[in-house]
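Participant:
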Amino acid sequence: MNVTLINPPEKKRVWAGISESMAYGVYCFPPLGLMYLQASLEKRTHHRAEIYDAIVDDLDHPEFDAGLARYDLDVVGISAYTHSLPDVQMTINAVRKRNPKAHITLGGPHPIMFPEYAIGLTGVDSICLGDGDDVIIDLVNALDEGRSLEGIAGLWFKDADGTIVRNEKRRELKDISWQIWPDRSRSRYRDYASCEPVLTQRPYWPASATADTAPDDPRLSDATWQAEFSWMTAQVESSACVCCHSTDLAPDGPSGWYLEAGPIWIDSLDDDGLAMLAGWVDSTAFGAFDAEDNNGFDRSTTGLPTTDVPRMQAFLEGELRRRGLDLDDFSDTPPFGGPLYDQLFYTPEPCEAGQGITADGRIQWTGGDARYIYLLEPDSMNPGVPPNLDLPAGTVWRFDVAWDADPVASGLPYGELPPGTRQAFPEGEPAPVLQPGDALYLYVLRDIYQPITRCTFTMP
Ligand code: B12
Ligand code: HEC
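In the numbering used here, the protein residues as written are 28 to 487.
1) Let me check understanding here. Comparing Cα to Cα, which of E37, L61, G411 lies closest to V30?
2) Assign H73 to one of two classes, buried (16 or more other C-beta atoms within 10 Å of its C-beta) or exposed (fewer than that).
3) L461: which of T485, L112, Y79 sits nearest, CA to CA?
4) For G104, verify whether its CB is less than 7 Å away from any heavy atom of the ligand B12.
5) Mapping DSSP to helix, strand and coil, what is G94?
6) Give every residue of the same chain whose Cβ lies closer than 7 Å to the Cβ of A315, excluding the five residues on either side of it in the sequence, and list them in chain order.
7) On a Cα-Cα basis, can you pick out the residue from L170, E90, D165 that is closest to I179?
8) Quick one: is R398 buried, meaning 16 or more other Cβ sit within 10 Å of its Cβ, or exposed?
9) Identify every run of the beta strand (DSSP E) within the stretch 145 to 209, keeping only runs that are complete inside it and at least 3 residues long; order them along the chain.
10) I119 by DSSP, collapsed to three states: which one?
11) Could you tell me whether the stretch 380 to 398 touches the stretch 476 to 485, where touching means 3 or more Cβ pairs closer than 8 Å?
12) Considering only heavy atoms of the ligand B12, does any lie closer than 7 Å to the CB of P136?
13) Please classify T274: is it buried, with 16 or more other beta-carbons within 10 angstroms of its beta-carbon, or exposed?
14) If you run the structure through DSSP and keep just helix, strand and coil, what is G388?
15) Tell me where the alpha helix (DSSP H) around P127 begins and ends.
16) Measure the C-alpha to C-alpha separation of S495 and G135 and round it to an integer number of angstroms.
17) Using only alpha-carbon positions, find the residue among E172, D186, G181, R348 that is nearest to V151.
18) One question on the structure: do L133 and A107 come within less than 8 Å of each other, judged by their Cβ atoms?
19) Whole angstroms is fine: what's the gap from P57's alpha carbon to S214's?
20) Taking all protein chains shown into account, do 16 or more other C-beta atoms lie within 10 angstroms of the C-beta of T334, making it buried, or fewer, making it exposed?
21) Reducing DSSP to helix, strand and coil, say where S265 ends up.
22) What I want to know is whether the C-beta of S221 ends up closer than 7 Å to one or more non-hydrogen atoms of the ligand HEC.
23) Helix, strand or coil for T495? Go by DSSP, reduced to three states.
24) With distances taken between CB atoms, is the gap from G447 to A429 smaller than 8 Å?
25) Runs of 4 residues minimum, wholly inside the stretch 333 to 374: which ones carry the alpha helix (DSSP H) assignment?
26) Let me check understanding here. Comparing Cα to Cα, which of D465, A420, K38, G283 lies closest to A236?
27) Quick one: is A145 buried, meaning 16 or more other Cβ sit within 10 Å of its Cβ, or exposed?
28) For I293 and L301, which I take to be in contact (beta-carbon distance under 8 Å), what is that distance rounded to the nearest angstrom?
29) If H130 and V102 are in contact, beta carbons under 8 Å, what's the gap, nearest whole angstrom?
30) Cα-Cα, which of D431, I191, Y470, K38 is closest to G411?
31) In whole angstroms, what separates the C-alpha of K201 from that of I191?
32) Is it buried or exposed, E346, if we count other Cβ atoms within 10 angstroms and call 16 or more buried?
33) Which residue from M303, M408, D396, C155 puts its Cα closest to that of G438?
34) So does V162 have its beta carbon nearer than 7 Å to some heavy atom of the ligand B12?
35) Check whether the Cβ atoms of A466 and P405 lie closer than 8 Å to each other.
36) Alpha carbon to alpha carbon, what distance is there between L352 and G421?
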C-alpha cells in the first residue's frame, strides 16, 4: 500500500507562550515523528510512505488541499498537536472530501494526551495512543489484508457502525536502540537547515563552471539513467554541499560545479572533481565519517555523502567511464584539499615573541582575532575540519567561539570563557592545570582551516 503521512498546515493555530511574530522561521523542523513512521514502514514492510509537509512550504489550506491531488489517499496518517486542532480538522475534511473511503488515522501529542476527544473528531477512523512505529505497521497490514483492527495494541478505532473500539495500551518501549533511523535523504537541506554555520566552516569563493551537454546526448532520453540521476541529485540536495554548489544559496555564486547547471549538472564537474565525488581520489582532508555519525550519510568511501554507497559509486563510476576514464588514470592525482590537505602535515616551529602563554597565564598569538584555539601535545597531528578531524589525539585543551559571536583577541586568560565561547575540550571539566616546563603546541585559527599561529613553546 502507499501511505500518505501529513504534517498539516498551521494557519489556525493557537499561539500561546511564544508570539507568532517571534516564532516566524523558528518553527520549521523536519517532521521527525512522521519520518520515523515512514522509515519503519519502508524498512520493515513492503509498503511505501510519502510525507506531505505543509509547514515546510508554509502552505495555507487552499494550496494544501490542491496539493493533496499528488498523493495516494487510501491510508492517510495525520500528526496532530492540540494547539493546531482546527487545522487538523480541516485537513481531515479535505482528505475525506477527496476520498470518502480513505482510512484516516491520527497520531502525535493530541491523541496521546486527549484520546477521547481525538477519536470523537468527525472523519477520524482511528487514533494512535503513543509511539507509532509498530502501530502503523499493524494498522497498514490489517487494512491491506482486509482484517479487523481489533486487538491492535495502542490503537482505537471506529467500527463499521461508528462504535468506538478501545484496544489495550501498547507496552512503551524503554529501549529505543533498535530504532530504524529516518531516511534524511528524502528531505532537502535548504528546507530544514541553515547555510550560515556551513559558510563559516569551509573556505568559500565563487568560481565559474559550465556544463556543455550536447543537445542530443543519449542520457537525456535514457529513462533508467535519468532515474538514477534524479536519485543522486536528491542525495546532493539533502546535504550541505548545496550551500556553495547551487546558484541561489551560494552568496556570490556557486563554487564551480552547481546543481542548476544543466540539463545534466554533473557535466559541470571536471574529471578530478568527478573522481573525488566517486571516491577515486582521496578527500579525507575534508572530513571522512561513517553513516552512524552523519545522519545516515556515509562519507568514508565516496566524496559525496550518501545513504547508499554501492548505488552512488555505480552511478559516478559509470559517468567516469563514459568520459573514458579509469581508476588507474587517477593513481598519481594528489588527495583533494590542496592547502587543507597540506596543513594536516604541517610541522610547527618554536614560538616567537608574542606567541605562547605568558607567566601570568595569558594566551598570546599573532595574526589577528581568533575563533579556535588549541593547546596540543607537541607531536600530535594538526587539527582538520569538523566534525571528525578537528579533535586530534593529543589535544590538551580547545577553545571555540560560537559561529554567531565575535572572535577573540590575543591575550585571552587561559581557562577564561567570555560570552559566546566555550571549552570544547575537555568537555564539562575544568581546564587542565598547566605546569611550568610543560611542552605544548599552540594552534590558533582565524576560522576553520585558517591558522594564524602554529608554534611550540614551553610553559614559563
Ligand atoms: C522537541 C519539542 C519541541 C521543539 C521542536 C518542536 C517540533 N515541531 O519539532 C520546540 C522547543 C521548538 C517545541 C515547541 C513547541 N512545543 Co514542543 N515538544 C517537543 C517534545 C519535547 C518532543 C517532540 C519530538 O520531537 N518527539 C520525537 C518524535 C519522533 O516523536 P513524535 O513527534 O511524538 O512522534 C511519535 C508519536 O507521537 C507518534 N506519531 C506522531 N505523529 C503521528 C501520526 C500518525 C498517523 C501516527 C500513527 C503516529 C504518530 O509516532 C511517532 C513515532 O513514534 C514534545 C514532548 C514529548 N516528549 O513528546 C513537546 C510537545 C510536542 N510540545 C508541545 C507544545 C505545546 C509546544 C509549543 C506549542 C510551545 C509553545 N507554547 O509555543 C511549541 C509548538 C511548536 C510547533 N509548532 O511545533 C506539547 C504539545 C501538546 C499537545 N497536546 O499538542 C508537547 C507534547 C509537550 C507537552 N507535554 O506539553 N517543542
Ligand atoms: C563553504 C563552501 C563549500 C561547501 C559547503 C562545499 N564546497 Fe565544494 N568547493 C568549494 C570551493 C570554494 C571549491 C573550489 C572552486 C574552484 O575554485 O574551482 C569547491 C570545489 C569542489 C570540488 C571540485 C570541483 C571540480 O570540478 O574539480 C568538488 C568535487 C567539491 N567541491 C565537492 C563538494 C562536496 C561533495 C560538498 C558537500 C559534501 C561540497 N563540495 C561542499 C566550496 C564548498
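Don't be surprised by glycine CBs; every beta carbon is placed ideally from N, CA and C.
Facilitator: Quick look at the numbers:
1) Of all alpha-carbon atoms in E37, L61, G411, the one lying nearest the alpha-carbon of V30 is that of L61.
2) Around the beta-carbon of H73, fewer than 16 other beta-carbon atoms lie within 10 Å, marking it exposed.
3) L461 has its Cα closest to that of T485, out of T485, L112, Y79.
4) G104 Cβ: within cutoff of the ligand B12.
5) It is helical.
6) Within the same chain, A315 has close Cβ partners R326, S327, N415.
7) The residue with the shortest Cα to Cα distance from I179 is D165.
8) The residue is buried, with at least 16 neighbouring Cβ atoms inside 10 Å.
9) Scanning the stretch 145 to 209 from its first residue to its last, the whole beta strand (DSSP E) runs of 3-plus residues come out as 153 to 155, 182 to 185, 191 to 193.
10) The answer is helix: DSSP assigns I119 an H, G or I state.
11) Touching, per the Cβ criterion.
12) Yes - the ligand B12 has a heavy atom lying nearer than 7 Å to the Cβ of P136.
13) With fewer than 16 other Cβ atoms within 10 Å, it is exposed.
14) Three-state DSSP puts G388 in coil, outside helix and strand.
15) Counting along the chain, P127 sits inside no alpha helix (DSSP H), nor does DSSP assign it H or E at all.
16) Any property of residue 495 remains undetermined from this structure, which presents the chain solely from 28 to 487.
17) Per the Cα distances, D186.
18) Contact: yes.
19) Straight across, the Cα-Cα distance linking P57 with S214 is about 8 Å.
20) Burial call: buried.
21) In the structure shown, S265 sits in coil (DSSP, three-state: anything other than H, G, I, E or B).
22) No, the ligand HEC has no heavy atom inside 7 Å of this Cβ.
23) Nothing about residue 495 can be read from this structure; the chain reaches only from 28 to 487.
24) In contact: G447 and A429 (Cβ atoms closer than 8 Å).
25) Within the stretch 333 to 374, the runs of alpha helix (DSSP H) that reach at least 4 residues and sit entirely inside it are, in chain order, 336 to 349, 366 to 370.
26) Of D465, A420, K38, G283, the residue nearest in Cα terms is G283.
27) Classification of A145: buried, given that the 10 Å Cβ count is 16 or more.
28) Their Cβ separation, rounded to whole angstroms, is 7 Å, which keeps I293 and L301 in contact under 8 Å.
29) Between the beta-carbon of H130 and that of V102 there is about 5 Å, and that keeps the pair under the 8 Å contact cut.
30) Nearest C-alpha to G411: Y470.
31) Going by the C-alpha atoms only, they are around 29 Å apart.
32) Burial is judged here by how many other beta carbons sit within 10 angstroms of a residue's own beta carbon; E346 has at least 16 and is buried.
33) Cα-wise, what sits closest to G438 is D396.
34) Yes, the Cβ of V162 comes within 7 Å of a heavy atom of the ligand B12.
35) In contact: A466 and P405 (Cβ atoms closer than 8 Å).
36) If I take the Cα positions, the gap works out to 41 Å.
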